[in-house]
Amino acid sequence: MARIVMKFGGTSVADLDRIRNVALRVQREVEAGHEVAVVVSAMSGVTNQLVKWCQELSPLHDAREYDAVVATGEQVTSGLLAIALQALGVDARSWQGWQVPIRTDSAHGKARVESIEGATLIERMQQGQVPIVAGFQGIDPTRGRVTTLGRGGSDLSAVAIAAAVKADRCDIYTDVDGIYTTDPRIVPRARKLDRISYEEMLELASVGAKVLQTRSVELAMKQRVRVQVLSSFEDKPGSLVVDEDEIVEQPIVSGIAYSRDDAKVTLRRVPDRPGVAANVFGLLAKANVNVDMIVQNIGADAGTDMTFTVGKADLARAQDVLEKARPEIGFEGIVADPNVAKISVVGVGMRSHAGVANTMFQALADKGINIQVISTSEIKVSVLVGADYTELAVRALHTAYGLDGPG
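Mapping of the sequence shown onto the UniProt record's numbering: position 105 corresponds to residue 105, and the numbering continues sequentially without gaps.
As structure tokens, this is what we get:
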């Protein structure tokens with residue numbers, strides 16, 4: 001007998017037939033003698049519609065009311081799945097984030113989990129009941145308001161609950177049957193990975209791979225939660241996210257990721273003096289705007305151009321914050337370009353192999369793709385290119401690093 005947390009994404013619960021299918025999968029695990037908790041996302045497309053309504057009413061909407069609106073999708077799914085399981089004779093009960101409770105900080109829209117009390121869930125599971133927890137939700141303990149964990153936050157909910165109830169495994173069910181070397185829709189010869197290290201998955205998730213949310217991998221690595229990614233629609237082996245020492249042979253590059261969710265911001269002629277960068281990025285941090293790639297070009301006339309990327313969803317907020325601080329900072333103007341894509345190659349083998357970045361630059365040059373910004377880490381190289389070149393860049397790099405499978 002094992003204790004398992006099963007998480008089902010939006011496409012897995014997109015309609016009543018799929019919810020019934022999920023219920024059958026949960027029933028199978030219960031009848032096998034396992035203790036099971038389930039975490040669910042909103043039905044496919046629901047959260048996008050809720051977000052759209054908020055943005056149409058006010059692009060700079062109140063983040064607390066935004067959370068009150070967008071958290072409702074998961075509440076519906078958890079109740080429907082509980083009903084479906086009860087119809088199969090399985091003892092199940094829906095739980096909202098505040099009922100667990102999942103306590104977070106006060107950063108509405110992208111709250112961080114601070115604590116989860118797993119004792120009650122464990123008690124219910126030991127009694128044979130299946131808790132169906134609404135993912136993506138938490139509660140701000142200072143004000144008692146509903147918070148949300150950011151897009152893909154149900155993954156984070158699942159891993160956090162798995163850690164809190166000391167689960168043997170956290171199974172993430174989605175519309176793909178595992179983790180691939182890149183998006184199979186762009187590269188049909190992409191290969192499924194049997195295992196991938198926490199570090200590699202964290203980098204891939206942070207640079208655009210949609211399979212798992214970044215913070216969920218971060219938490220899994222910290223708490224050593226074994227995560228398995230499987231298909232909701234096919235009974236196939238999935239991909240395990242595990243410690244690096246569980247992987248016998250490490251490839252130089254494990255995967256290629258891309259993101260079209262970034263926007264490039266350039267501040268023109270920023271004064272070249274100490275403290276300016278701290279001022280710019282301090283203001284953005286205070287507004288909860290995450291900054292990724294950063295490049296600064298020192299000019300010869302005491303002025304410099306500062307370029308960085310933010311999420312497209314944060315672009316309007318970033319521009320608003322910086323424009324208001326323009327007299328204080330003293331830059332000449334803001335140039336925003338949302339028509340960009342970030343392409344990244346990731347692999348722990350980079351630590352011991354030279355020339356990985358050069359292979360990337362040469363492959364892109366051979367295809368006539370201009371690189372706008374470069375960013376590196378120990379096991380990752382990322383570049384910013386024009387959005388129109390996304391698929392061409394991914395295919396070229398997948399081939400250049402020898403990742404193409406048979407086909």
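Ideal placement from N, C-alpha and C gives every residue a C-beta, glycine not left out. Here the structure is a predicted model, which means the values were calculated and not measured.
Between the beta-carbon of Ser157 and that of Ile102 there is about 7 Å, and that keeps the pair under the 8 Å contact cut. Following the DSSP letters along the chain, one finds Val40 in no alpha helix (DSSP H) but inside the beta strand (DSSP E) bounded by residues 35–40. Taken through DSSP and simplified to helix, strand or coil, Ala92 comes out as strand. With a cutoff of 7 Å on beta-carbon distance, Ile161 and Val5 are scored as near each other. Boundaries of the alpha helix (DSSP H) around Lys222: 214–223. The straight-line gap separating the alpha-carbon atoms of Thr174 and Lys236 is approximately 12 Å. The region 70–142 contains, as complete alpha helix (DSSP H) runs of 4+ residues, the segments 72–87, 119–126 (chain order). Straight-line spacing of the CA atoms in Arg226 and Glu244 works out to 12 Å. Contact annotation: the region 341–351 does not touch the region 284–291, with fewer than three C-beta pairs closer than 8 Å. In this structure, DSSP gives Leu60 a state outside helix and strand, which the three-state scheme calls coil.
In this structure, DSSP gives Met201 a helical state, which the three-state scheme calls helix.
The criterion of a C-beta distance shorter than 7 Å is not satisfied by Ser78 and Ala32.
Within the same chain, Cβ atoms closer than 7 Å to the Cβ of Ser44 are found at Gly10, Thr11, Ala14, the five residues on either side in sequence being excluded. Assignment of Lys236 by DSSP, reduced to helix, strand and coil, places it in the coil class. The closest CA to that of Val345, considering only Glu323, Arg273, His61, Met201, is found on Met201. Assignment of Lys342 by DSSP, reduced to helix, strand and coil, places it in the strand class. Beta bridge pairing from DSSP links Tyr258 with Ile343.
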